[in-house]
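Just so we're aligned: the sequence shown equals residues 1 to 265 in the numbering used here. Working notes, structure below.
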Amino acid sequence: MITGKELREKYIRNQPTAFCPGCGDGMVLNGMSRAVENLGIERKDIVAVSGIGCAAWVVSPYWRVDTLHTTHGRAIPHAIGVKVGNKDLNVVVVSGDGDCVGIGGNHLIHACRNNIDLTVIMINNGLYAMTGGQVAPTTEHGEKTITTPYGNPSQGMDVAELVKAAGASHVARWTTYHMRELTKEVEYALEKKGLSFIEVITQCPTRTGKKDNLSTLEMLEWYKNNTSKNPEDGKITVGRSVDKERPEMADVIYEQIISAGGTLK
Ligand code: SF4
């Protein structure tokens, strides 16, 4: 079995990373790398795409695969282009909650509707971290941020429910407390045909931790105590909520090209 040091050397470039100490982004990077290693997928067969924000750094500059670092909220349409161009590639999108469902929310909905074969990992720390901790669509109601100093008047969005309704064929939610489960879920997503969406609820020690006076350990403890696989428990539900078969868009496009007399390279 590969050691932690070997895993870092094989999959992570530009070490040490610029993530703040205790940030969940590095944990997700580790889990993704271990999933690829466990499956034996060659790095040349992966293209990873990101937009803007701390979570985008997981892909670029840090993941040692072919990467595309795009503009804010636009990772998914670029990823669709890559997938339709070569459907044999494993195409992975890593996006923060603001990037994925704020600026890029419309792209996410339509990618799910078309069930394009992407693995979308949304790192959800509940605010815009890189730009200073502003309110995001995922910020819980009543939560104080630098732009909602009296508490968020909006309701936080349940993105897993959104993508479920939009048609994703695989949906799951974990936290950085659940690294073993998360790694297995990424493995499953990489092998699953269609759009796989994994939400990872993640600590931001610099914004949330300082604001709420919580250490990284205390935030992980909070995830442990406030999540459950049983929706009846009244906690944040974790686990796989959707796993179904649906037609996948790149396959349909390729079939159309062939039936129209075209050729594929
Ligand atoms: S600001 Fe928050 S999300 Fe960004 S690197 Fe630091 S801890 Fe991570």
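Built from N, CA and C at the ideal position, the CB exists for glycine as well. This one's a predicted model, so the numbers in the text were calculated from it and none came from an experiment.
According to DSSP, residues forming a beta bridge with His170: Ser196, Asp243
Along the chain, where does the alpha helix (DSSP H) containing Ile103 start, and where does it finish? Careful: Ile103 lies outside any alpha helix (DSSP H) and carries neither H nor E.
Determine the DSSP secondary structure at Leu118, reduced to helix, strand or coil. coil
Candidates Gly105, Lys5, Arg113, Ala18, of which the one nearest Trp57 by Cα: Ala18
Look at Gly24 and Thr176 and say whether their C-beta atoms are less than 8 Å apart. yes
May I ask you to report which of helix, strand or coil DSSP gives Asp97? helix
Measure how close the beta-carbons of Gly104 and Ile76 come, nearest whole angstrom, since I'm counting them as under 8 Å. Beta-carbon to beta-carbon, Gly104 and Ile76 are separated by about 6 Å, close enough to satisfy the 8 Å threshold.
Could you pull out every residue in the same chain whose Cβ sits closer than 6 Å to the Cβ of Ala48, ignoring the five residues on either side in sequence? Val59, Trp63, Val65, Thr67, Val92
What span of residues does the alpha helix (DSSP H) with Ala48 cover, start to end? Ala48 -> not in any alpha helix (DSSP H); beta strand (DSSP E) instead, spanning 46–50.
Just tell me which of Ala168, Gly239, Asp99, Gln155 has its CA closest to the CA of Gly142. Looking at the Cα atoms, Gln155 is the closest of the given residues.
DSSP three-state call for Ser259: helix, strand or coil? helix
When we look at the beta-carbon of Ile257 and count the other beta-carbons within 10 Å, is it buried (16 or more) or exposed? Classification of Ile257: exposed, given that the 10 Å Cβ count is below 16.
Residues that DSSP places opposite Asp66 in a beta bridge: According to DSSP, Asp66 bridges with Val47.
Considering only the alpha carbon of each residue, which of Gly98, Asp88, Ala250 lies closest to Thr139? Gly98
Should Arg207 be listed as close to the ligand SF4, given that the test is whether its C-beta is under 7 Å from any heavy atom? yes
Looking only at its chain, what residues have a beta carbon closer than 6 Å to the beta carbon of Met219, apart from the 5 residues adjacent to it on each side? Gln203
Out of Ile2, Glu191, Ser196, Lys235, which has the shortest C-alpha to C-alpha gap to Asn115? Ser196
Could you pull out every residue in the same chain whose Cβ sits closer than 7 Å to the Cβ of Met329, ignoring the five residues on either side in sequence? The question about residue 329 has no answer here: the residues shown for the chain are numbered 1 through 265.
Looking at C-beta atoms only, is the number of pairs between the segment 174–192 and the segment 232–243 that lie closer than 8 Å three or more? yes
Verify whether the separation of the beta carbon atoms of Thr119 and Ala189 is less than 8 Å. yes
Determine which residues share a DSSP beta bridge with Tyr223 and list them. Looking at the DSSP assignment, Tyr223 forms no beta bridge with any residue, so it has no partner.
Using a threshold of 7 Å, is the CB atom of Pro125 nearer than that to any non-hydrogen atom of the ligand SF4? Looking at the sequence shown, residue 125 is not Pro but Asn. Yes, the Cβ of Asn125 comes within 7 Å of a heavy atom of the ligand SF4.
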